[in-house]
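Reviewing the structure listed below.
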Amino acid sequence: MKHRPRSAQRLWLWLSFCLLTISASSSVSAAAQCDEWVARIISVQGKVEAKTAHENRWKNVEQGQRYCANDMIHVRENSRAALELANETIIRLDQNTTIVLSGESEESSWLDLLKGAVHFITRTPNALKIKTPYVNAAVEGTEFVIRVENGETIVSVIEGRVALENEQGALLLTNGQSASARAGEAPLRRLDIRPEDAVQWSLYYPSIIDRSALRSHPLTLEADRLLSVGRAAEARALLDKIVQLRPDNAAAYAMQSIIALTQNRNDEALALATQAFTLNPTTPTTAIALSYAQQAQFDLRAALNTLQRALHVTPDSSLLLARLAELLLSLDDLDQAEQVAQQALGINPEQAHALTILGFAHLGQFNTQRARRYFEQAISLAQASPLPRLGIGLALIRDGELGDGRREIEIAATLSPANALIRSYLGKAYYEEKRNDLAADQFMLAKSLDPNDPTPWFYDAIRKQTLNNPVGALQDLQQSIQLNDNRAVYRSRLLLDQDQAARSSSLARIYNDLGFQQLALSEGWKSLNTDPGNHSAHRLLADSYSVLPRHEIARVSELLQSQLLQPLNLNPIQPQLAESSLGILDGAGPTSATANEFNPLFTRDRFSLQLNGIAARQDSEQRHGQDYTTRSSDLVHAAVIGRYSYSIGTFRDDNEGIRPNQDRDRKIENLFLQTALSHKTSVQFEYRDTQISQGDLPLRYAPSLFSSSERRFIDSRVLRLGMRHDFAPGNTLLFSAISNDHEEHTRDNADLNLAPPSGTVPRSLTVDLSESGQTFELQHHLFKKGYSIISGAGTYRSDKNQVIDVNFPTPFCPPFCSTNIPVASEIRHHNGYLYSHIEQGKLTWTTGLSIDDVTTQARVETQINPKLGLTWQLNNSTTLRAAAFRTMARSLVANQTVEPTQVAGFNQFFDDISGSDARRYGVALEKNLETLYLGIEVSKRNLEVPFLAAQTNKTFKADWAEQTGRAYTYWTPLKWLAASAEYQYESFRRPATYSFDKRDGTVGIPNLTTQQLPLSINLFSANGFTTNISATRVKQKGEFATVIQTGTTTTFSADQFWVFDTSVSFRLSNRLGRVTIGAKNLLDKAFLYHNTDIATTRLLPERTLFTHLSLSF
């Protein structure tokens, strides 16, 4: 063998390098001829040519090439091309189309359409001008189609505005309008041309022919090629010819099915696919076609079975495997979908659909970089496929590149303009960019393209809600809920139930904006009955419970459950002010990403800052006319970075109170960290530090009944660790560990009631408390079609050290000298529970059983608590709820537990004395009409409340009773008006046997009845203003008792009065926040009122003027 001389080798290498360089440069030569390119090639199908301004010959174009001003592009027959202009306009060229890229100026850009058809999506702020032989078009932020053929120009506007003009006249077109112009004639509006028909040539038809197998009939392959470039009419004619020649050609019927399916003729598609499968059930082509038709009929499981059976016959079909992976992704089985897609690539490494599904699988796991690589490979292999473009757009958005991601979704919409789902997500991308008008246009298009898809209704509801149109948002969201099951085209039953729950919780937030509080709670409960693992519904209840009396345990427990279940988001901690939920709707929606459900991916890498501040001022008669102020603020910074999210929050509250020694100073610091170890497992850590200094806070039946000396100082530090792991869809494990170090110092100069002749004796009291507690809880969710089961167990341990120092003045010493009493106690509480939600048609049964085992120094007790609830959907508008259950009030670290807080919408955990045995019975009826909402609820609680006798160290129990009821009427007669009327009833019977302190606001109430009638009107304006006017009629009468050594003293109190409130709020532009000014007790009505909830005060006998500012960045 002879060897070449070294010089020859060097020459050969040099020539090879030159040839490669020339070849590479020629492929992008068009881009090198100008400083600024005018157009970039996005996709090429068939034969597309270009002729630059510097050359006089046509050359084939390739994806990625760039062209300059005055260059020409020509699309041959049975071909298509997509381009991106330098001003971010996306255009699609039909066959036999020729354009000239005329250029761009500061005011506008333009191109010449010589012949053919072009589909435009332009969002540039500068005007775009298109010149044609018969009329010119000027557009701005518009989507339209323009065609030049047979001596005329036809323009069809999909959305936006297009101004047509020639020497003979001018015409303005808007959404859904078409016009044409001929030589020498003015443009005329055309009623016989629909814009949706004008884009039929650009539709995307999924291929069901595995070309890599090369076993298909030549005519069938030709029909497939015609469909790939949108020539449906020509393909259908060819398929008809094939069927005439060979009536047993199964592939022809299968392809006819795909055409019918793409053109929304689903029943015809199923009939054709079934016929094809009957003729030949062993080929991938017929199985894939039938699976698409079955999916369109909402039967994902049947589609899956069809593909799995076909794989037994043809296990080496890459296209069949790719289609199977797509369905597995729709069933939320990401791991299996990834495995099957990899198997398809093992057979055919150039299987673009398998690469696309792999991209979505990794996107669902938030592995965006790998997902983008798969999408890019798929785009290079299938340039006209919209799905990888959509996928890479979503990946870019998830990485925080919103503008680039939106542009890719625009390209996807150009490649498949009739795809309603892509339109919905393009609309949401515009919404995220705060381009509300463009978002509204896309949602409107999506609704018209597929009236049965709930997605655009859901996102449009969110948009309207943020634009101060909650009535319109309510109507859209109700429509979304009604259409939810139509998502079965690409969602499993399990995921559909989760979607329904997400929409219900979003609906509840809109109810809150309307002032329909009870309806919001009802929707939250309904959402949890449908999907107990819905974090949005838990968060909603946490926010809603904050305004209900004696619901603090339920509120913070719902917050804990929401945090454990939530994905990475920008709202991981709850600020303390009542209206600090700014921005929470941005993350509302289904949280499990599958092939066509991408809402959670719009939670993108970014930083956020939320600020809330309230300033209030009152002129208090109890302070002898002196003004007093309230200042509260919270600041929360949060971020999502890849697989991590965190938030840092601080809360300050300085309230001087309406009387002496009613002041309160609170400081709360919060740190929250969360990481997604995988798409199945997340871990979170939280630290809270709370410091409180306060006087005597409760509002009692007598204004003078308060302590001028009682002071409490609290320092509490909470550490929490949480984990969530999804074994499979609907199979979730939660773990929560909470540790609390609590220190409290109380001092008071309290009177002691003695028998005559001593009477009332002054004393000083100091209590120092130090407590360390830990809670460990484990909970399992099993969610199947028709039922769900929640089971769990927990343990609580507390070690408490208390020192009580009582000092008596002379002459009561001796025998009553200073007393220092150290008290050490331990509490051990173990619990377990099992809850189930069982659907039986219109009935949803909630059954459960819990067990509490308590050990203290004073008692050892085990209690079994049965639970029974019923939610009965009597018809589409009427719901009946009923429940009966037993509970034991548990000692809890930070008052938080993961055990379900409600049964059929009836709260289980009130702020009762620890160890209280409660039985609750309730029934409710709700009626929702089109604009009118009615409801009534009554319940009763019987309690046995333990008290410790200090002399004997034994526990005694007192029988308490509570009755509550409420009725409501909510009305939305107009788009800008919401009105409500409620009736609330509350009755307490708490004997005074164990009450030695007349200032105790929760015991010693033999009889207290409170009735309230709140009336409210909310007015909403399109410019962002909301006005609230409310009036509340209150009637209260009570009997209050205090025990002394000689017996019981009883005091009667009663009052009835009206309280008027008003407020005006304004939503800042670009969803920046809200400013509110208002007045509570506007007429400065003085009244007597006893508040049984020591944690909150709803009514004040003084006028309060306030300003509230909420900002979100």
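Our numbering applies: residue 1 is where the sequence shown begins, and numbers increase by one. Don't be surprised by glycine CBs; every beta carbon is placed ideally from N, CA and C. All of these numbers come straight from a predicted model, not from anything done at the bench.
C-alpha gap between residue i and residue j, whole angstroms
i       : j       : result
Asp997  : Ile1005 : Low per-residue confidence applies at Asp997: pLDDT is 45, beneath 50, and the placement is therefore not dependable, though the value from the model is reported in the following sentence. Answer to the nearest angstrom: the Cα atoms are 12 Å apart.
Ala186  : Ala440  : 32 Å
Ala418  : Glu196  : 8 Å
Thr862  : Leu564  : 29 Å
Leu261  : Ala303  : 15 Å
Val556  : Thr1026 : 30 Å
Asp665  : Asp653  : 6 Å
Ser916  : Glu944  : 6 Å
Gly869  : Glu926  : 16 Å
Ala420  : Ala446  : 4 Å
Val559  : Ala251  : For the sequence presented, residue 559 should be read as Leu rather than Val. If you take the alpha carbons of Leu559 and Ala251, they lie about 55 Å apart.
Ala361  : Gln308  : 20 Å
Asp1000 : Tyr511  : Confidence is the limiting factor: at Asp1000 the pLDDT is only 48, short of 50, which leaves the residue's position unreliable and the question unanswerable from this model.
Asn569  : Val157  : 38 Å
Asn56   : Thr314  : 51 Å
Leu272  : Leu329  : 26 Å
Leu173  : Leu191  : 12 Å
Ser207  : Gln295  : 16 Å
Ile397  : Arg423  : 16 Å
Thr1009 : Leu1068 : 43 Å
Residue interval of the alpha helix (DSSP H) (run including residue i)
i      : result
Val556 : 552-565
Leu272 : 266-279
Arg225 : 218-228
Phe443 : 436-449
Arg828 : Here Arg828 belongs to no alpha helix (DSSP H); instead the beta strand (DSSP E) covers 819-840.
Proximal residues to residue i (C-beta, below 8 Å), its chain only, five neighbours per side dropped
i      : result
Leu222 : First, the amino acid is wrong: residue 222 is Glu here, not Leu. Excluding sequence neighbours, Glu222 sits near Leu238.
Lys526 : Ser504, Thr871, Thr879, Gly905
Leu355 : Ala341, Leu345, Tyr374, Phe375, Gln377, Ala378, Leu381, Pro388
Ser678 : Gln365
Beta-bridge partners of residue i, as assigned by DSSP
i       : result
Lys927  : Thr878, Leu934
Met72   : Lys51, Val100
Leu329  : In the DSSP output, where bridge partners are listed per residue, Leu329 has none listed.
Lys129  : Trp110, Ala138
Glu771  : His742, Lys800
Ala883  : Gly869, Gly922
Ala1118 : No answer is possible for residue 1118: the residues shown for the chain start at 1 and end at 1113.
Val145  : His119, Ser156
Phe776  : Ala737, Thr795
Ala1079 : Thr1062, Leu1105
Contacting residues, own chain, Cβ-Cβ under 7 Å from residue i (five flanking each side not counted)
i      : result
Trp37  : Ala31, Arg66, Tyr67, Cys68, Ala86
Val44  : Val61, Glu62, Gln63, Ala81, Gln383
Thr414 : Ala82, Ile90, Arg92, His119, Ile121
Leu577 : Residue placement at Leu577 is poorly supported in this model, since its pLDDT is 40, which falls under 50; the coordinates are not used for a value here.
Limits of the unbroken beta strand (DSSP E) element including residue i
i      : result
Lys800 : 787-807
Lys667 : 664-676
Arg309 : No beta strand (DSSP E) contains Arg309, which is instead part of the alpha helix (DSSP H) from 300-313.
Thr855 : 843-855
Gln984 : 977-990
Gly649 : 644-655
Cβ shell of residue i (< 6 Å), same chain only, five flanking positions each side left out
i      : result
Asn942 : Arg919, Ala961
Gln691 : Lys667, Asp715
Asp399 : Thr368, Asp605
Ser318 : Ala344, Ile347, Asn348, Gln351
Leu934 : Lys927, Thr969
Tyr644 : Thr675
query: Are there three or more Cβ pairs, one per stretch, closer than 8 Å when the stretch 870-877 is compared with the stretch 937-944?
result: no
message: Across the stretch 92-102 and the stretch 58-74, are there enough close Cβ pairs to call them in contact, namely three or more that are closer than 8 Å?
response: yes
- prompt: Does the count of Cβ pairs from the stretch 451-468 and the stretch 232-247 closer than 8 Å reach three?
  reply: no
The stretch 1019-1036 contacting the stretch 462-469, beta-carbon criterion three pairs below 8 Å: yes
message: Check whether the stretch 694-714 and the stretch 1079-1092 are in contact - that is, three or more C-beta pairs closer than 8 Å.
response: yes
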